[in-house]
Amino acid sequence: MRLKRKIINLFDDSSIYNVKRVVSIDNEEDLNLFWDYLQNSSNDTYELIDAFITHFYNFALSYICMKDSEFFEIILEESDKNLYFTLWNKKIALLFQQHIQDTTLTHLAKNNRISIKLKKTELKQSKKEIDLIHTNRENKLISSTNSSKIVSLKPYDFIDSEDLSELLKLNEDMQELIFIHKKYGFDESSFISLRSIISMFCLTLRYYNQLSPISTVLTNFSNLLNTNKNEFLKLHRDELELIHGFINNIDTWLKTLFIKGGADIYFMDNSINADFQMISQIIDPVTLEEEGALDDIFDF
3 MRLKRKIINL FDDSSIYNVK RVVSIDNEED LNLFWDYLQN SSNDTYELID AFITHFYNFA
63 LSYICMKDSE FFEIILEESD KNLYFTLWNK KIALLFQQHI QDTTLTHLAK NNRISIKLKK
123 TELKQSKKEI DLIHTNRENK LISSTNSSKI VSLKPYDFID SEDLSELLKL NEDMQELIFI
183 HKKYGFDESS FISLRSIISM FCLTLRYYNQ LSPISTVLTN FSNLLNTNKN EFLKLHRDEL
243 ELIHGFINNI DTWLKTLFIK GGADIYFMDN SINADFQMIS QIIDPVTLEE EGALDDIFDF
């Protein structure tokens, strides 16, 4: 007989309820089920954890696309005052810690797990700061029944109309190009076209200081394309899915901020950067190690 209650979270909160919920994540379907469970929970408190599940979903979706991604579990615990989410897997714990380092999420990490603590009494206050839901899930999850939960923000209008038209046209070309070739790989012609489109896209973004985080990531991606042509041409189908997701995220970022509205200007910075880091690990891991990024992100 167990004499002491088993506590999973690293905050060692002994006041947690007896019931724990364990979700196993192995693929996108598992991730979607986890999202749906939290969004549809009958407990009103769960409706206020958008900040965490948005950060987690964006990160986990990119992670699952990796060729060497691993199965992991997330354990949910609850007390009268707090909610706890513990990711149990050494690789995923370290990667997610890196992903949320610039956020206000309270967390502890140790060995093979990371625990995130959400105070129920503070959730309503922090909802104003929530990064809005990744558009990869908008078509599935944001409907007229829950649209009232989304913070109302107008599209940003600081980009010159001609520049925005150019970005939208380049984005459309990128989407079409990656859709055609994601199943068959790059040939030299399509690779050169993508490289040219990305370069022109970056050139336009550089004129706007407000977009410097995304501009920097895309410029780094452009440099990766320019110096690793052969590696990109050798990518397998599953690796191409990661490129496809990265390009889709650019589409989401551009249209949400400047066409649809409803999001803070920095809402996808971490997600797009995480995608780029994973692509870099596949294409040129030596360069990443020399720059120190490998130790920060993939050192397990």
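No gaps in the numbering here: position 186 of the sequence shown is 188 in our numbering, and each next residue is one more. Just so you know, even glycine gets a beta-carbon here, dropped at the ideal spot from N, CA and C.
Asked                                                                                                    : Found
Extent of the continuous beta strand (DSSP E) to which ARG208 belongs                                    : Unbroken run through ARG208: none, as it is neither H nor E.
contact_flag[the region 232-245, the region 265-272] where n(CB pairs < 8 Å) is 3 or more                : no
Cβ pair ARG115, LEU226 closer than 8 Å                                                                   : no
Alpha-carbon spacing of LEU196 relative to ASP104, whole angstroms                                       : 31 Å
Reduced DSSP category for SER145 - H, G, I as helix; E, B as strand; rest coil                           : Confidence in SER145 is poor, its pLDDT being 39 and thus under 50, which makes the residue's placement too unreliable to answer from.
For GLU80, three-class secondary structure by DSSP                                                       : strand
Alpha carbon of LYS83 to alpha carbon of ILE27, nearest angstrom                                         : 27 Å
Sheet register partners of ILE25 (DSSP bridge)                                                           : As written in the sequence, residue 25 is Val, which differs from the Ile given in the question. Answer is ILE76, bridged to VAL25.
When LEU179, LEU172, LEU85 and LEU155 are compared against LEU205, the one with the closest alpha-carbon : LEU172
Coarse secondary structure for PHE304, derived from DSSP in three states                                 : Residue 304 is absent from the structure shown; the chain starts at 3 and stops at 302.
Nearest-angstrom Cβ-Cβ length linking SER273 and ASN60, presumed shorter than 8 Å                        : 4 Å
Per-residue DSSP class, three states only, for HIS109                                                    : strand
In DSSP terms, what LYS119 is bridged to                                                                 : TYR86 and THR108
Simplified DSSP state of LEU134, which is helix, strand or coil                                          : The predicted model places LEU134 with a pLDDT of 41, which falls under 50 and marks its position as unreliable, so this point remains unresolved.
CB contact flag (MET68, LEU244, <8 Å)                                                                    : yes
Spatial distance of SER117 from SER191 (CA atoms)                                                        : 46 Å
Beta-carbon gap between VAL24 and GLU80 smaller than 8 Å                                                 : no
PRO157, DSSP secondary structure in three states                                                         : coil
Nearest to GLU72 (by Cα), restricted to the options GLN99, ALA276, ILE94 and HIS57                       : ILE94
Host alpha helix (DSSP H) of ASN272 (start-end)                                                          : 271-285
As assigned by DSSP and simplified to three states, the class of TYR65                                   : helix
Nearest candidate by alpha-carbon position, reference ASN228, set ILE199, THR258, PHE98 and GLU164       : ILE199
For GLY263, the three-state DSSP class (helix, strand or coil)                                           : coil
Beta-carbon spacing of LEU63, GLU30 below 8 Å                                                            : yes
Cα-Cα separation, HIS238 to GLN279                                                                       : 18 Å
Limits of the unbroken alpha helix (DSSP H) element including THR335                                     : The question about residue 335 has no answer here: the residues shown for the chain are numbered 3 through 302.
Rounded separation between LYS122 and HIS109 - CA only                                                   : 15 Å
Option nearest TYR158 by Cα separation, candidates ILE9, LEU256, HIS57 and ASN34                         : LEU256
Between the CA atoms of LEU213 and ASN20 - distance to the nearest angstrom                              : 46 Å
Beta-carbon spacing of PHE260, LEU166 below 8 Å                                                          : yes
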